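Asks: In our numbering, the protein residues as written are 221 to 617.
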Amino acid sequence: KIAILLYADDIVIVASSEEDLRRGMKIATEWGKKWRCSFNQDKSKVVVFGQRKRGETRWTLGGKEIEQVDSYKYLGLDLKGNLKWNMMRDRITKKTRRTMNTAWAMGIQSGHLSVVAADMVWKVLVRPIAEYGAEVWGEDRWDEMEKIQRDMGKRILGLEQSTCNEVILGEMGWWTMKARRDMLRLRYWRKLLKMNRKRIPRQVYDWEVGRTTQKTWCTYTKRLLVELGLGVKWENQKINENCSEWSKLIEERIQTREECRWRKTVTEKPKLRTYRLVKTKLEFEEYLKTDDVKGRRLLTRLRSGTNFLRIETGRREGLPSGERMCWFGCDVTEDEKHFLTECHLYEDLRKEIRTVEGGGGTRATDLGLMLGSGSSESLCTVLEYIKRAEARRRRIL
Numbered sequence: 221k222i223a224i225l226l227y228a229d230d231i232v233i234v235a236s237s238e239e240d241l242r243r244g245m246k247i248a249t250e251w252g253k254k255w256r257c258s259f260n261q262d263k264s265k266v267v268v269f270g271q272r273k274r275g276e277t278r279w280t281l282g283g284k285e286i287e288q289v290d291s292y293k294y295l296g297l298d299l300k301g302n303l304k305w306n307m308m309r310d311r312i313t314k315k316t317r318r319t320m321n322t323a324w325a326m327g328i329q330s331g332h333l334s335v336v337a338a339d340m341v342w343k344v345l346v347r348p349i350a351e352y353g354a355e356v357w358g359e360d361r362w363d364e365m366e367k368i369q370r371d372m373g374k375r376i377l378g379l380e381q382s383t384c385n386e387v388i389l390g391e392m393g394w395w396t397m398k399a400r401r402d403m404l405r406l407r408y409w410r411k412l413l414k415m416n417r418k419r420i421p422r423q424v425y426d427w428e429v430g431r432t433t434q435k436t437w438c439t440y441t442k443r444l445l446v447e448l449g450l451g452v453k454w455e456n457q458k459i460n461e462n463c464s465e466w467s468k469l470i471e472e473r474i475q476t477r478e479e480c481r482w483r484k485t486v487t488e489k490p491k492l493r494t495y496r497l498v499k500t501k502l503e504f505e506e507y508l509k510t511d512d513v514k515g516r517r518l519l520t521r522l523r524s525g526t527n528f529l530r531i532e533t534g535r536r537e538g539l540p541s542g543e544r545m546c547w548f549g550c551d552v553t554e555d556e557k558h559f560l561t562e563c564h565l566y567e568d569l570r571k572e573i574r575t576v577e578g579g580g581g582t583r584a585t586d587l588g589l590m591l592g593s594g595s596s597e598s599l600c601t602v603l604e605y606i607k608r609a610e611a612r613r614r615r616i617l
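Pasting the structure below:
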């Protein structure tokens with residue numbers, strides 16, 4: 221039985237009944253009198269946990285009346301009497317979005333911050349806010365936080381809000397936030413198993429393992445391990461791998477799961493017709509490291525399918541795909557392949573790229589090259605082509 225929790229100068233009295241809690245508060249009051257200590261009335265609260273609605277009760281500590289509340293923030297976590305985390309998620313959502321907007325003004329908006337640096341800002345300054353304590357509460361989907369990550373990615377890459385979510389994750393090599401929380405949970409699970417059985421977290425875990433008929437922290441952890449092909453670890457309640465080996469193992473399993481789900485959604489979206497030809501792995505794209513901000517953003521828009529070509533603008537106008545023709549008399553649909561490798565309006569610009577690559581090559585190969593899969597030298601030429609071709613097109617139209 222746990223009667224009290226201590227952390228720095230914080231004290232939590234734990235009781236299973238009103239009588240036990242009053243007894244504990246009386247002991248604390250007597251201790252305060254003995255050592256001439258007083259309790260902060262404003263910060264001292266009582267929370268009654270459970271689903272059943274309870275009436276208000278008067279409580280006193282140190283001779284002063286203290287309030288009974290529905291929730292209390294302890295060590296950064298909002299603990300609610302109904303055992304739900306919605307209040308904490310709402311608070312974290314607002315704080316994360318505020319921090320994201322601050323990061324947006326740190327050189328990302330102006331383009332002075334590289335994609336690599338902006339990615340680091342997200343991972344170091346913004347994302348940790350959303351993952352605080354996620355080892356404990358992170359099993360549910362959290363669509364609002366997924367949206368915040370995608371919004372940050374769109375800002376970093378300079379993409380429109382209508383860009384497919386899969387492009388953001390694919391180009392940046394990001395997992396979903398839910399996958400991140402799964403990883404943090406499994407890391408913490410190993411820590412629990414290695415923990416001395418006399419410690420309170422381990423005692424709580426050992427007690428909860430046996431509660432198989434209810435939705436608990438353990439039931440989701442077990443389901444997650446089975447999903448990742450690690451069910452035997454749960455059955456044995458033992459992890460032989462050291463910390464780094466275990467982290468590497470679960471990262472590989474989650475990467476495989478996330479990449480499979482990501483690839484499936486990419487293949488299902490017609491708008492990503494070009495993207496799936498050149499993007500098959502959920503990993504950071506090397507072309508994003510270029511210093512050519514304008515060229516890089518134009519290239520990403522072409523890869524994403526959300527761009528300035530008729531295949532996309534015609535869709536917004538409600539035209540069938542077969543009627544979204546090239547403006548310059550080519551009598552074919554103006555899609556990414558046509559703009560990059562076929563349209564006669566830009567033939568003189570493409571000759572420079574063939575010179576860099578040594579000439580020749582099929583159109584399929586050229587499409588991959590023109591979408592950033594070539595060497596660093598060819599990438600510079602491709603970006604220059606895209607900028608000049610887009611400027612020429614815009615000037616004529």
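Note that the Cβ used here is the ideal one computed from N, Cα and C, for glycine as well.
Bear in mind the structure is a predicted one, so any value in this text is a computation, not a measurement.
For R311 and K293, I'd like the C-alpha separation in whole angstroms.
Replies: What you label residue 311 is simply residue 91 of the sequence shown in a count that begins at 1. What you label residue 293 is simply residue 73 of the sequence shown in a count that begins at 1. Roughly 11 Å separates the two Cα atoms.
Asks: Can you tell me whether S464 is helix, strand or coil according to DSSP?
Replies: Position 244 of the sequence shown, counted from the first residue, corresponds to residue 464. Of the three classes helix, strand and coil, the one that applies to S464 here is helix, per DSSP.
Asks: Could you check if C480 is buried or exposed, using at least 16 other CB atoms within 10 Å of its CB as the buried criterion?
Replies: In the sequence shown, residue 480 corresponds to position 260, counting from 1. Result: exposed.
Asks: Taking Cβ positions, are R375 and W324 nearer each other than 8 Å?
Replies: Working through the sequence shown from its first residue, we reach residue 375 at position 155. Working through the sequence shown from its first residue, we reach residue 324 at position 104. Contact flag set, yes.
Asks: Return the residue from the list L389, K491, I474 and W427 that minimises the CA-CA distance to R405.
Replies: Counted from its first residue, the sequence shown places residue 405 at position 185. For R405, the nearest C-alpha among the options comes from I474.
Asks: Among K501, D555, N306 and S467, which one has its Cα closest to the Cα of I388?
Replies: As a position in the sequence shown, residue 388 is number 168, starting the count at 1. The shortest Cα separation from I388 among K501, D555, N306 and S467 belongs to K501.
Asks: Which value, in whole angstroms, describes the spacing of the CA atoms of R401 and L444?
Replies: Taking the first residue of the sequence shown as 1, we reach residue 401 at position 181. Taking the first residue of the sequence shown as 1, we reach residue 444 at position 224. The straight-line gap from Cα to Cα measures roughly 11 Å.
Asks: With a threshold of 8 Å, are at least 3 pairs of Cβ atoms found where one atom belongs to the region 446-463 and the other to the region 513-532?
Replies: no
Asks: Are the Cβ atoms of W409 and M372 separated by less than 8 Å?
Replies: On the sequence shown, position 189 is the one that residue 409 refers to. On the sequence shown, position 152 is the one that residue 372 refers to. The answer is no: Cβ separation not under 8 Å.
Asks: Nearest by alpha-carbon distance to G270: which of V424, S237 and L587 is it?
Replies: Within the sequence shown, numbered from 1, the residue matching residue 270 stands at position 50. For G270, the nearest C-alpha among the options comes from S237.
Asks: Relative to the C-alpha of W394, which residue among T553, R530, R536 and E505 is closest?
Replies: The residue labelled residue 394 in the question sits at position 174 within the sequence shown. When each option's Cα is compared against that of W394, the closest is E505.
Asks: Spell out a yes or no on whether the region 544-552 and the region 561-573 are touching, meaning 3 or more CB-CB pairs, one atom from each, closer than 8 Å.
Replies: yes
Asks: Let's see if you can read the secondary structure: which residues bound the alpha helix (DSSP H) around E543?
Replies: Reading the sequence shown from its first residue, position 323 is the one you call residue 543. Where E543 is concerned, there is no enclosing alpha helix (DSSP H), given that its DSSP letter is neither H nor E.
Asks: Skipping 5 residues on each side, what residues in its chain have a beta carbon closer than 6 Å to that of R544?
Replies: As a position in the sequence shown, residue 544 is number 324, starting the count at 1. Once the five neighbours on either side are set aside, the close Cβ partners of R544 are R530, I531, G534 and T553.
Asks: From R493, I470 and V446, pick the residue whose C-alpha is nearest to that of L587; which is it?
Replies: Walking along the sequence shown from the start, residue 587 turns up at place 367. Taking each of R493, I470 and V446 in turn and checking the Cα distance to L587, the smallest one comes out for R493.
Asks: Report yes if the CB atom of E428 is closer than 8 Å to the CB atom of C438, and no otherwise.
Replies: The count along the sequence shown starts at 1 and reaches residue 428 at position 208. The count along the sequence shown starts at 1 and reaches residue 438 at position 218. Yes, they are a contact pair.
Asks: Looking at C-alpha atoms only, which residue of K491, K571 and R407 is the closest neighbour of I470?
Replies: Working through the sequence shown from its first residue, we reach residue 470 at position 250. Closest option to I470, Cα to Cα, is R407.
Asks: Tell me which residues share the same chain as F559 and place their Cβ nearer than 6 Å to its Cβ, disregarding the 5 neighbours each side in the sequence.
Replies: Against the sequence shown, residue 559 aligns to sequence position 339. L529, listed in sequence order.
Asks: Within the same chain, show all residues whose beta-carbon is closer than 6 Å to that of G378, passing over the 5 residues directly before and after it, in chain order.
Replies: One-based indexing of the sequence shown puts residue 378 at position 158. Result list for G378: R517, in chain order.
Asks: Is the Cβ-Cβ distance between V486 and E610 less than 8 Å?
Replies: Here residue 486 refers to the residue found at position 266 when the sequence shown is read from its first residue. Here residue 610 refers to the residue found at position 390 when the sequence shown is read from its first residue. For V486 and E610, no; Cβs fall outside 8 Å.
Asks: Let me know the secondary structure DSSP gives W427 once reduced to three states.
Replies: Indexing the sequence shown from 1 puts residue 427 at position 207. Looking at W427 - three-state DSSP - the assignment turns out to be helix.
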